[in-house]
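J.:
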Amino acid sequence: MSANRPRSEKFERGLKTRQAVLGEEYVERSLKAADDFSWPAQQLATEYCWDEIWNRPDLDKRSRSLLNLGMISALNRPHELKAHIRGALNNGLTKAELREVFMQVTVYCGMPAGLESFRLAREVFKEMGLDD
Numbered sequence: 001m002s003a004n005r006p007r008s009e010k011f012e013r014g015l016k017t018r019q020a021v022l023g024e025e026y027v028e029r030s031l032k033a034a035d036d037f038s039w040p041a042q043q044l045a046t047e048y049c050w051d052e053i054w055n056r057p058d059l060d061k062r063s064r065s066l067l068n069l070g071m072i073s074a075l076n077r078p079h080e081l082k083a084h085i086r087g088a089l090n091n092g093l094t095k096a097e098l099r100e101v102f103m104q105v106t107v108y109c110g111m112p113a114g115l116e117s118f119r120l121a122r123e124v125f126k127e128m129g130l131d132d
């Protein structure tokens, strides 16, 4: 990451949360891949998503993970969903709870979104050594 990129206090707080949820390695890859064109999006996500929202006190990280899984699954955003499946597991959700989220997505949002979520979850489980 270039030294001339601004890193506010909000960025630093958000960065800690982002790393705790998604994993330090994943976040560092995202930040290092950012160029001058995409850096503002990384800054926005880190300051507002990961500090302003994820650090609010009235929902715990586990609850926020549940919400994100449902929303991102419904939107059918595979890259983000895989990251948030890892984050949900890091925040204490079980495979059984993930299954229930994706069952609900399947019924309320449609088979393609739900089935893709199950497929992506199995990929993450395998990558994390959690497959049965």
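Using this note's numbering, the first residue of the sequence shown is number 1, and each one after it goes up by one. Ideal placement from N, C-alpha and C gives every residue a C-beta, glycine not left out. Small disclaimer: the values here were computed from a predicted structure and weren't measured.
Enumerate in chain order the residues of its own chain whose CB-to-CB distance from S8 is below 8 Å, with the five nearest sequence positions on each side excluded.
T.: These residues qualify, in order along the chain: E47.
J.: Would K95 pass as a contact of L120 if the rule is Cβ separation under 7 Å?
T.: Contact: no.
J.: Compare the beta carbon distance of W39 and R5 with 7 Å and say whether it is the shorter of the two.
T.: Contact: yes.
J.: Given a cut-off of 7 Å on the beta-carbon distance, is the pair V105 and A74 in contact?
T.: Cβ distance < 7 Å, so V105 and A74 count as in contact.
J.: From which residue to which residue does the alpha helix (DSSP H) around C109 run?
T.: First-last of the alpha helix (DSSP H) with C109: 95-109.
J.: For S65 versus L93, is the C-beta spacing smaller than 7 Å?
T.: Yes, they are a contact pair.
J.: Given a cut-off of 7 Å, decide if V27 and R86 are closer than it, judged by their beta-carbon atoms.
T.: Result no, Cβ atoms of R86 and V27 do not sit closer than 7 Å.
J.: Using three-state DSSP, classify G92 as helix, strand or coil.
T.: Three-state result, G92: coil.
J.: Helix, strand or coil for N68 per DSSP?
T.: Of the three classes helix, strand and coil, the one that applies to N68 here is helix, per DSSP.
J.: Which parts of the segment 7-40 are runs of the alpha helix (DSSP H), unbroken and 4 residues or longer, counting only runs that do not cross its ends?
T.: Counting whole runs of 4 or more residues, the segment 7-40 contains the alpha helix (DSSP H) stretches 9-22, 24-33.
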